[in-house]
Amino acid sequence: MDRRRFLLAGSAAASLGALGLPRLVRADAAATATPTAPRPRPTVQQLRWQREELAMFVHLTVNTFTDKEWGDGAESPSIFNPRKLDAGQWARAAKQAGFRSMILTAKHHDGFCLWPTATTAHSVKNSPWKDGHGDVVREYTDACRAEGLGAGLYLSPWDRNAKVYGSGEAYNDFYIAQLTELLTHYGRIVEVWFDGANGEGPDGRRQAYDWPRIHATVRRLQPDAIIYSDAGPDVRWVGNEKGVAGSTCWTSIDPASVPYAGYDRPWVGELLGHGDPHGSVWRPTEADVSIRPGWFWHPAENDKVRTADDLLDLYFSSVGRNGKLTLSLPPNRDGLFDATDIASLQGFAAKRTALFASDLLQGARVRASGSDAPHLPAKVLEADPDTYWSAPPNARDGWLEFELPQEIEFDTLELGEAIALGQNIANYRVELWDQGAWRQFAWGTTIGNRKLARFDPVRAGKLRVALEFGYGTPRLARVAAYRGPDRRYGPGHDEK
Ligand code: FUL
420 MDRRRFLLAG
430 SAAASLGALG
440 LPRLVRADAA
450 ATATPTAPRP
460 RPTVQQLRWQ
470 REELAMFVHL
480 TVNTFTDKEW
490 GDGAESPSIF
500 NPRKLDAGQW
510 ARAAKQAGFR
520 SMILTAKHHD
530 GFCLWPTATT
540 AHSVKNSPWK
550 DGHGDVVREY
560 TDACRAEGLG
570 AGLYLSPWDR
580 NAKVYGSGEA
590 YNDFYIAQLT
600 ELLTHYGRIV
610 EVWFDGANGE
620 GPDGRRQAYD
630 WPRIHATVRR
640 LQPDAIIYSD
650 AGPDVRWVGN
660 EKGVAGSTCW
670 TSIDPASVPY
680 AGYDRPWVGE
690 LLGHGDPHGS
700 VWRPTEADVS
710 IRPGWFWHPA
720 ENDKVRTADD
730 LLDLYFSSVG
740 RNGKLTLSLP
750 PNRDGLFDAT
760 DIASLQGFAA
770 KRTALFASDL
780 LQGARVRASG
790 SDAPHLPAKV
800 LEADPDTYWS
810 APPNARDGWL
820 EFELPQEIEF
830 DTLELGEAIA
840 LGQNIANYRV
850 ELWDQGAWRQ
860 FAWGTTIGNR
870 KLARFDPVRA
880 GKLRVALEFG
890 YGTPRLARVA
900 AYRGPDRRYG
910 PGHDEK
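Using the working numbering, read the sequence shown as starting at 420 and increasing by one per residue.
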């Protein structure tokens, strides 16, 4: 946002009602009343995807047995033998921790296929696991469905084993054949994950992937599936593997700025993390990160599993910044999640439950700018994301005020836009009524699906959320305040 385009309005115009709140208006205020081009909105599939908030990534291949992060494609299938593999254990762990879908590496860069594909001998078919009769993708998709989770698949375009890799059309045919098997033999697939890594093949050649054909294949075979890559088309990478979205995070983006998956430029990470308020397409952010330092299981990392508190931090920096969190858990050589990883996951779920147990703004009297009714019923700001408060259509700012029957103490604030209608709000301030005057205690940029801010506990009987500027009509579906069970945030919180 270009701050030079704002002026502080004169004193008469500078107050909102009797409340004396200084107000920023746009220098070209007349322009804000002019209808603008429609802003991008989500598809039903994108909306469903983002509202799920949490997906679990599962990284398993020959690397699990070689202690590597990237296999070179020369591994023998004979090393793959996860004797006790139980996809039900993965799915139960995910479900119990509040995750709504999973994504399995059906093929990683080493080219080893976790299903008995007809396209190559480099698969479970030639492994000792279940005497070559096993199918990890089948067990995984069955387990997801048994737990009511969506099943997603990762099929690495980069294949360091396939002889045809780097040959052009022949590899694209091979890849499409693999994709077709995965999208036709295993029921409904909710997300297809296309990694951007594009390295050399076995003979040193690189492949030009046929993205239009790849995307068309997914659309034809699984029209409801979300297609992920750095460059979308449905959802985009967050730009880092740390699970951290930009503190300013627009869902919209200019599709030309990241034209294809693996587009490697120094600014791409920053751009993907922040999005673009003027972008023409709706492309929400997927923040992928591992519970361990590596994506795959390594014995030396068994004592480096993220704690429940670390996972909660990730939740704030991804879901709490208008993204979705895709957290990777690596099965060990038995094909099971380690107890430590599951314990962290359970701790993470317990922390979310404790923190979000009770919305302290329930029961408040709500007043809002631009509203005919002096008091909105609190239910306009209920958890239902399709019920929302809207400023008048041409308004570009607004406020909501919450008057509580008694003082509350809170340390976490949640805001959410009515994103089914797009993302418009550029920035907000939060103020408390303190000894006869409004006192600002937090501000932030962008809201989107969900904005979570933490701070040292504050007490208030009256609270105001001021939306300073929207690129379209400001609309809020959610305002909530919580008091977490611990006090560890300190002054370094992320929304000063
Ligand atoms: C990266 C890959 O190279 C990593 O191995 C991992 O699969 C990660 C999710 O994506 O680009």
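We treat Cβ as the ideally placed atom computed from N, Cα and C, and that holds for glycine. Owing to the predicted nature of the structure, the values given are computational and were not obtained by experimental measurement.
In this structure the segment 746 to 760 does not touch the segment 681 to 692; the number of beta carbon pairs closer than 8 Å is below three. Of all C-beta pairs linking the segment 502 to 512 to the segment 778 to 791, fewer than three are shorter than 8 Å, placing the two stretches out of contact.
Inclusion of residue 789 and residue 810 in the CB contact set at 8 Å is warranted, their separation being smaller than that value. Listed in chain order, the alpha helix (DSSP H) runs fully inside the segment 497 to 575 are 506 to 515 and 555 to 565, counting runs of at least 4 residues. Rounded to the nearest whole angstrom, the CA to CA distance from residue 668 to residue 695 is 8 Å. Distances taken from the Cβ of residue 488 to the heavy atoms of the ligand FUL include one shorter than 7 Å. Under DSSP, no beta-bridge partner is assigned to residue 758.
Taking C-beta atoms as the reference points, residue 630 and residue 671 fail to come closer than 8 Å. The beta carbon of residue 845 is closer than 8 Å to those of 420, 696, 864, 865, 887, 888, 889 and 890 in its chain, skipping five residues each way along the sequence. Shown here, residue 588 sits in a helix according to DSSP, grouped into three states. If you look at residue 846, you'll find it in the beta strand (DSSP E) that goes 844 to 853.
Taking every protein chain shown into account, the CB of residue 462 has fewer than 16 other CB atoms within 10 angstroms, so this residue is exposed. Residue 527 has its CB nearer than 7 Å to a heavy atom of the ligand FUL.
According to the DSSP secondary-structure assignment, residue 655 is paired through a beta bridge with 648 and 704.
Judged by their CB atoms, residue 706 and residue 767 are not nearer to each other than the 8 Å cut-off.
Taking the Cβ of residue 478 as the reference point, at least one heavy atom of the ligand FUL falls within a distance shorter than 7 Å.
With 5 Å as the limit, the residues whose C-beta approaches any heavy atom of the ligand FUL more closely are 614, 616 and 714, in sequence along the chain. Assignment of residue 483 by DSSP, reduced to helix, strand and coil, places it in the helix class. In the three-state reduction of the DSSP assignment, residue 752 falls in the coil class. Per DSSP, residue 735 is one residue of the alpha helix (DSSP H) stretching across 727 to 736. Taking the Cα of residue 566 as reference, the smallest distance to any Cα among 513, 843, 642 and 534 is reached at 513. Sorting 719, 646 and 681 by C-alpha distance to the C-alpha of residue 703 places 646 at the top. The Cβ atoms of residue 743 and residue 471 lie closer than 8 Å to each other. Take the alpha-carbon of residue 833 and the one of residue 870: they are about 6 Å apart.
One Cα belongs to residue 901, the other to residue 735, and the distance between them is close to 14 Å.
CA-CA distance, residue 823 to residue 556, rounds to 52 Å. Taking 8 Å as the cut-off, the Cβ atoms of residue 880 and residue 852 count as close. Scanning 493, 716 and 584 for the CA closest to the CA of residue 619 turns up 584. For the 8 Å CB-CB criterion, residue 473 and residue 517 form a contact.
In the three-state DSSP reduction, residue 870 falls in the strand class (E or B). Closest by C-alpha distance to residue 748, out of 738, 731 and 725, is 725. By the 16-neighbour rule on beta-carbons within 10 angstroms, residue 457 is exposed. With a threshold of 16 other beta carbon atoms within 10 Å, residue 892 meets it and is buried.
When only Cα atoms are considered, residue 649 and residue 661 end up about 15 Å apart.
In the three-state reduction of the DSSP assignment, residue 468 falls in the helix class.
With the rule of 3 Cβ pairs closer than 8 Å, the segment 627 to 644 does not count as touching the segment 482 to 489.
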